[in-house]
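Heads up: the structure comes next, in C-alpha cells.
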Amino acid sequence: MTDDKDVLRDVWFGRIPTCFTLYQDEITEREAEPYYLLLPRVSYLTLVTDKVKKHFQKVMRQEDVSEIWFEYEGTPLKWHYPIGLLFDLLASSSPLPWNITVHFKSFPEKDLLHCPSKDVIEAHFMSCMKEADALKHKSQVINEMQKKDHKQLWMGLQNDRFDQFWAINRKLMEYPAEENGFRYIPFRIYQTTTERPFIQKLFRPVAADGQLHTLGDLLREVCPSAVAPEGIDGEKKNQVMIHGIEPMLETPLQWLSEHLSYPDNFLHISIIPQPTD
Amino acid sequence: MPNSVLWAVDLFGRVYTLSTAGQYWEPCKDGQLEFKRVSSATQCCWGIACDNQVYVYVCASDVPIRRREEAYENQRWNPMGGFCEKLLLSDRWPWSDVSGLQHRPLDGVALPSPHWEWESDWYVDENFGGEPTEKGGWTYAIDFPATYTRDKKWNSCVRRRKWIRYRRYKSRDAWAKIPSKDDPKQLPDPFNDLSVGGWEITEEPTGRLSVWAVSLQGKVWYREDVSHSNPEGSSWSLMDTPGEVVQISCGPHDLLWATLWEGQALVREGINRNNPTGSCWSVVEPPGSENGIMHVSVGVGVVWAVTKDRKVWFRRGVNSHNPCGTSWIEMVGEMMMVNVGLNEQVWGISCEDRAIYFRQGVTPSELSGKTWKAIVAARECDRSYSGSSSSLLSAGCFFGDEVRGSGESAPSDTDASSEVERPGPGQPLPVESLENPRNLKESLASGPGASRTTEDATENACPSTCGPGLASTPAELPWTNIDLKEPKKVPNHLTAGFPETTGLSSLGHHQLGLEEPYGADDHPLWAWVSGGGCTVEACSMPKWFTVQSGLSPLVQTLSLSIMPAQTAAWRKQIFQQLTERTKRELENFRHYEQAVEQSVWVKTGTLQWWCDWKPHKWVDVRVALEQFTGHDGTRDSILFIYYVVHGEKKYIHVFLNEVTVLVPVLSEGKHSFALYTPERTRQRWPVRLTAATNQDMNDWLALLSLSCCESRKVHGRPSPQAIWSVTCNGDIFVSEPSEDLEAQEHLLPCDQMFWRQMGGHLRMVEANSRGVVWGLGYDHTAWVYTGGYGGGCFQGLASSTSNIYTQSDMKCVYIYENQRWNPVTGYTSRGLPTDRYMWSDATGLQECTKASTKPPSLQWTWVSDWFVDFSVPGGTDPEGWQYASDFPASYHGYKTMKDFVRRRCWARKCVLVTSGPWLEVAPIALRDVSIIPESPDTDRNGSSIALWAVSDKGDVLCRLGVSALNPAGSSWLHVGTDQPFISVSIGACYQVWAIARDGSAFYRGSVSPSRPAGDCWYHIPSPPKQRLKQVSVGQTSVYALDENGNLWYRQGITPSYPQGSSWEHVSNNVCRVSVGPLDQVWVIANKVQGSHSLSRGTVCHRTGVQPHEPKGQGWDYGIGGGWDHISVRANATRAPRGTTRNQEPNTCQETHSPACC
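Residue numbers (our numbering), protein chains in the order written: chain A, 1 to 277; chain B, 1 to 1157.
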C-alpha cells in the first residue's frame, strides 16, 4: 500500500464476520439455524440485516414477530452506531465470528431507538453528515450540494458503492488551501466504562502556532483519562481504536478525519480497556 | 512558482535576503560591505554602499553571462603573393570590425572591467550562414564592402574571415563596484539614492534595466545600457531636473517618480520603449502643505508615498496615460519608507519598531491592499538561541530519522520546550502581541465601511491647490530620517520587563558579534527594504508571518525527495494495521455471505451530442452509464446515448472497455469532450458530448475515465516505459505500451492503444525508461514528473493524494490591426471592400477585435491588457507597424514607397491554473529537452541519467545529478555555442545532436558519462535548401525534421563516423518526430484523412523498421485530431522473439507516407 486513497478503500471494505443466533426464549416452530454474514463495518445494523430478519422469520409464527433488535453479551446494540464502532467497543477482544443474538420481543425501550423503516436510518445518517459539515465548513459544503448529491451519498452507503459515495463525499473532505485543515474536527469518543454515551467537543485540527494537532493532543484535551499516565507498572491501560486499528497518538488529527472517518463524516473513537490476557 | 527573494538592509548596513520559500533572513553572500540603499530586480540587485559607491550584485545562475567579441581579418589578392594582408591604401584595416571602419586588432580588444574574464582564446568562425566553409572560415567578394560568398570565384579579389572570442561576467553572487571613473568632472559628488526598474518597458535587449540614481547635490543620473549581458551598464548620463531631488523610484514599467527637497514629487513623462529615459517632468504636490513628501515608491500602476510626518499615502488614478494620478488617499500606519515590488505588492518599514511590514490583500482589483502584516522571520544568526527544534532544523536534519524519533518518543516534551522558549525575547514578536495603537486602529478600520470613511475624509482633506509656500518648510533633512537613526522603541508587554536599552550603543555590541543569548532586543531593526525581485502570490503566501516551530509538517518545502509525512511511522503503522485487520477479520471467513449484494448501477444525465448525420449539430441527448459487477468483482460498463431523430427514439452505445481515449475539448465556450474507440479513431469521428457546466463535464469525465481504467486494469503511476503525448490544448496523455507494439511482425495497431489523461498543462513531455519524465509548459517553464497521477479535473479517487501540485501556464493571444494607405488621409483603418477585417487574426480571415477576442478556452483568464508585440518576424517600426505592398504579403519593419498596407500585432497574456503531478524546475526556462533513452539490458544504474536541454534564449544545457531517485537533477552545465540553438536530442550511446537557429545541425563530440558535456561541436549542413527544426536520436538512428514538414534520416552513421554522411528523405507531412531506444520511429502527422473527416495532428507509427532497414516502410495511424507531441523514448519493451499472435487481418494499414491532402 503506498497511497492514502487505499486507506479509504480498506476502511470502506472492512467486514466483520458475524454469527446471528436467535434468542433462546423466542418461540419458534422449528429449530432456528444460526445465520452467518459479513457485515460492512461502516454501515448500520438495521440497514444490512434484511437477510437475517427473513431467515429467522421463516421459523417463527407471524404473530410472534415484532420489531427486530440485536444484543451482544447482554448489551442491546444501538443500530444508530456504525457496526464497526459497536464491534470495536464491545467485542474487539473476543474471538471471531462475532456472536450477535437476535430478538423479536421485549424491545428495550430505554436503551434503543425504534427503527421502523430505512427512512429513519437515512434521516439519522444525513443529520450526522450535516452536523459534521457544520463543524468542518460551517455547513457550506453540504448546503451547496443538490438534493441528488445527498441522495447519492445515502445510496452509496446503502448499496455499498464505494465510488458512488466517494464521488460526492470527497467534496466534504476538502478545505480551503489557505487553511491547514477543517474548522473543527467532527469526532466522538466512546467509552464502555462511563455512563455518558460519548464525548464530543469543539476541537481544531491546527494549533494557534500552526502545529498540527495529533490524536494524542485531542485525547489529552478532551479525555485525559484515556491517555492518563499509565498504571504503576507503566502498562497501557486503554486501547484507542478506530476501525479496528490503533493509530499512533502522533497521527495528525486532520489526516485521521480525512481518512478514517465513518461515512457519516465523524471519527468514532473507541476507548476500551487493554485486554488482560 | 520559483523562489524569489526580498532584499533588506538593517540599521548597521548589513544586507539580508529572505526567500519566499524560507523563514529566515540570510545574510548576503558577499557580506564584506555595508550598504545604505539596495534596489533589487529578479536577476540582480543594485546598491549604494557606505563608501557612497554604487555596486551591482548579479545573482548566480547555471547559465553564464557571456558576450561575443568579433573581429574581421581582411585580405586582398595580388598576383605576387596571392591573398595577403597587404591592402590598398583606400582599403579597410587588415583587422577591423564588421563595417571595416574601425581598427580592431585581436590583442587590442580588452575586457571592459575587472569583473569579466575571457572564456577561451580567439578562434575562426567556420560557420557561414548555416554552412561550414571548410576553408579556414574565409569568405570571398569582388571588393570591400560587398556580398561575401563561401566559394572563391575568378573575380574574388578580397576575402575576409571572422574571429570570435567570448568573455564571461565573473563577479556573480558578489558586489561588483561600478567604476565611476568615466568622467570625474561630471561626477563630483557621491550618490545618495538609487532605483532599479523598467524591465517591462521592452524585451530587447534581454534583461534590460533602467537604473536611476540621485547624487547628494540633488542631481539625477541614468545608467546607460544596463542589460542581462551587460550587467554593469556603460556610463552615467545626467538628466535635467527642475529642482533638487532627494529620492527616486523607478517602477517595473514606465512609471518614474522622484521627491524634491521641497516636498513635492516629480513625475517623469514620456517613458516608452523608444525613449526609456522619458522626455519631461511634471510636479505633483504633496497631500498637505505642512508635510511634504519624504519618500515615494512606484509600481506598474501604483504610487505609494511617505510624508514627513510618517504618514503613508496611496496615489489614486495612476496609469501609463496619466502617470501623475489624480489624488492622494491616506493609509493606515506610520512608516519610515515603503517599497513597491512585483505584482504591485508593498513592503514598508514601520516607525514604531523598525520591523518590515507586508501589505496584505493587494490584488489587481484592490491595489491599496487591506492591512499591514509584520514579517516575523528571524535572521539566521538569531536562530542559535531560538530553541532546540529550530536548531535541529538548521542542522539540516529536519527530514532525518533522528528528529522524528525524538518526536515520537516524547511529543509532549517537544511541545513543552517550544512553549517555554517562545515567550523569550530571542524570538521575533507575533503581530498580535504588539501593543501597537496602529494595529488597533487598523483592526477597527478593517471593515469595508470603515475604510471608506477614512478614504472620504482624506479626500476632503486633500488640498486641491497647494501654494508655493511649500519651499519654506522647516529645513529638516528629509532623507536622513530613513538612514541610521536611533529607532523609536515602543514598549510592549513582552519586552517591558527587561532593562531599557539605548538603541545604537547597545546594538553596537551586536555589530561586534558580542550577541548576548538573551539580549533585550534582537528582533532585527531594518533601514531599507526592496521587493523588486520578490514574487508573492496570494495562492502561495510565504511562511514569514507566523513563528514556525520545529516539527510542524506544514514546513515542508516542495521537493521531490520523499516527504516526512510519507514515511512517518504513524502512517506506516496505519497501513500495516489495516492490512492485518483485513487478514484477521476476513481471511477465514471469505465463504460467508455478503450483507449487501452488488447490483447494476446506473448514472444518468442530460448532455448534448454532436450528431452523426448531416447537418451536424449539437442535439440534446439522455445518457446512461450502466455498470455491472461480476461475481469476481470485475466490472463492465456501457454508455448509452438516447436520441430522437424524426420523432423516432434511437440510441447508440459504447462499451467502455473499447474506449481508447477521452479528450476534453474546451473550445467554443463549450464544456465538451470526445470519446474514441479504435473504429472511431480510424473514421476520425469521435463521439463528442457537451455538458451544461464545467462541474458536470468534470464529473462525467472523471467517472468515464475511472471506468475505462478499471476495465483495462490501469491504475496508479504510469510504468517507466510509458508513452507520453500532449494535445494542442496542452492536455497530457499517457499510454502503457504492450509488448506487441514494437514487435517484428504482427504488431499491435496503434489505434488500439489506450490513453489516459494526466493532470497538468504542458507543451511537450520527454521521458526515459528509468522513470525520469520532464515537461515544458507553453511559457517554457520546465517541470519534472513527481510520480503522482490525476490532478486537473481528476479529483478524489482518480487522483493520488500526494505529489499533486498547483501548476500554471501562460501564453499570449495575438490579433492584428490592419490599415490601408490612401492619398488623402494616409494610413487609416478604412480598407478596401475586398480587404481583410481591420482587426483580424494572423490569416486575416477571422475578425478579431480587442473587445471580442476571448481567451483560448474557459480554462484561461486574461492577466494583462492588450499590448503591441514588437518581436514579430520581419521587424517593426517604432510604433510596431509592419509594412507591405498588399495583404497578404511579406511584411517588413520600415515603410517604402510601394507599401500600401500595414499591420501591427497586438498581444494579450492569459494564464491557466490547474494541478497535476508536476514540480517546477526553476529557474531556467527551456524550449527543448531530451533524456537519454535506455534499453533495459543496459545496466547504468550507478551513473546519472544524461539530460540535455535548450533554454528559451538558445543556450545549450546539460543537467547534472539526474537519477531515478532525483529526477529533477541538481544543476545545469552550460555548453557553449556560437549561435542560439532550438532543438537537442541525445541518443542511447551518448550521441548528442542539436539544431541551431540557422537551421543547420550540430553533432557534439566525445560525450560520455565521465564527460557529460563532451568537447566540441561538429557542424553538419542541413538538407539542401531546408532549415531543420527538430532532431531525435534513438539507439543509433538519427532523424531530423525541417520547417516544411519533411522527415530526414541520417545516412552513413558508423561508430567511427558518428556524424554520418547525408540526409535521406523519409516522408513529408510530419510536425514532430520521436525516435525511441529500439530505434522505433513515431511522429505526429500534420493531416490525416479518415472515412468521416480530416484530422490534424495524428500520432503515427513507422512500420517495418528493422535493423537492416532503419527507415521503415510505411505508417500506421493512431489517435489523432489535435495531437502536438509524442515521446516514445521510454519504451524499450520488445516482444520476445518467436511469440506468435493471432494475426488479425487489416490491422496494419501501410502506405508510403501519411496521406497528404
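A virtual CB, placed ideally from N, CA and C, is assigned to each residue, including glycine.
Item                                                                                                                                                                          : Value
Quick one: is residue 96/A near chain B, going by C-beta distance under 8 angstroms?                                                                                          : yes
Kindly indicate if chain B contains any beta-carbon less than 8 angstroms away from that of residue 39/A.                                                                     : yes
Could you compute how far the alpha carbon of residue 291/B sits from the alpha carbon of residue 173/B?                                                                      : 41 angstroms
Less than 8 angstroms between the C-beta atoms of residue 881/B and residue 902/B, yes or no?                                                                                 : yes
Measuring only the C-alpha atoms, how far is residue 14/A from residue 301/B?                                                                                                 : 59 angstroms
Listed in chain order, which residues of the segment 108-136 of chain A have Cβ atoms closer than 8 angstroms to some Cβ of chain B?                                          : none
Where residue 151/B and residue 1019/B are concerned, what is the direct C-alpha to C-alpha distance, given to the nearest angstrom?                                          : 18 angstroms
If contacts are defined as beta-carbon pairs under 8 angstroms, then residue 190/A and residue 89/A qualify, I think. What distance do you get, rounded to the angstrom?      : 5 angstroms
Three-state secondary structure (DSSP) at residue 2/B?                                                                                                                        : coil
Which residues, in chain order, does the segment 820-852 of chain B contribute to contact with chain A at a C-beta distance below 7 angstroms?                                : none
Counting only Cβ pairs nearer than 9 angstroms, list the residues of chain B close to residue 164/A.                                                                          : 601 and 603
Below 8 angstroms between beta carbons: does that hold for residue 757/B and residue 719/B?                                                                                   : no
Which residue from 736/B, 671/B and 1037/B puts its Cα closest to that of residue 858/B?                                                                                      : 671/B
Classify residue 957/B as helix, strand or coil using the three-state DSSP reduction.                                                                                         : strand
Looking at the ligand HEM, does it come within less than 7 angstroms of residue 622/B, judged from the CB to the closest heavy atom?                                          : By its list of ligands, the structure shown contains no ligand whatsoever, and the ligand HEM lies outside what it can speak to.
Using the beta-carbon of each residue, which ones in chain A are nearer than 9 angstroms to residue 703/B?                                                                    : 163 and 167
Near residue 900/B, what residues of its chain come up, given a Cβ to Cβ distance below 7 angstroms and the 5 sequence neighbours on each side ignored?                       : 820, 821, 885 and 886
State the beta-bridge partners of residue 75/A as determined by DSSP.                                                                                                         : 72/A
Do you know offhand how far residue 635/B's Cα is from residue 261/A's?                                                                                                       : 27 angstroms
Within 8 angstroms of any Cβ in chain A, is that where the Cβ of residue 1040/B sits?                                                                                         : no
CB-CB under 6 angstroms to residue 258/B, same chain, minus the five flanking residues each way: which ones, in chain order?                                                  : 245, 248 and 266
Compute the distance between the beta-carbons of residue 984/B and residue 1007/B, then report whether it is under 8 angstroms.                                               : no
So for residue 579/B, helix, strand or coil by DSSP?                                                                                                                          : helix
Grab the span of the beta strand (DSSP E) containing residue 291/B for me, first residue to last.                                                                             : Looking at the DSSP string, residue 291/B is not in any beta strand (DSSP E), and its letter there is neither H nor E.
Leaving out the 5 sequence neighbours to the left and right, which residues in its chain are closer than 7 angstroms to residue 75/A when beta-carbon positions are compared? : 90
Give the single residue among 605/B, 627/B, 629/B and 586/B whose Cα lies nearest to the Cα of residue 620/B.                                                                 : 605/B
Are at least three pairs of beta-carbons, each pair with one atom in the segment 9-18 of chain B and one in the segment 196-212 of chain A, less than 8 angstroms apart?      : no
Would you call residue 88/B buried or exposed, if buried means 16 or more other Cβ atoms sit within 10 Å of its Cβ?                                                           : exposed
Does the distance from the CB of residue 83/A to the CB of residue 40/A come in under 8 angstroms?                                                                            : yes
If the criterion is Cβ atoms closer than 8 angstroms, does the pair residue 21/A and residue 59/A meet it?                                                                    : no
Compile a chain-ordered list of the residues in the segment 211-225 of chain A whose CB is closer than 9 angstroms to at least one CB of chain B.                             : 211, 212, 214, 215, 216, 217 and 220
Kindly indicate which three-state DSSP category residue 920/B falls into: helix, strand or coil?                                                                              : strand
Could you tell me whether the Cβ of residue 628/B comes closer than 8 angstroms to any Cβ of chain A?                                                                         : no
What does residue 1003/B reach in chain A if we use C-beta pairs closer than 9 angstroms?                                                                                     : Those do not exist, as residue 1003/B stays about 43 angstroms from chain A at its closest Cβ, beyond 9 angstroms.
What residues from chain B crowd round residue 36/A, counting only those whose CB sits closer than 9 angstroms?                                                               : 589, 591, 592 and 593
Measure the alpha-carbon distance for residue 771/B versus residue 734/B and round it to whole angstroms.                                                                     : 13 angstroms
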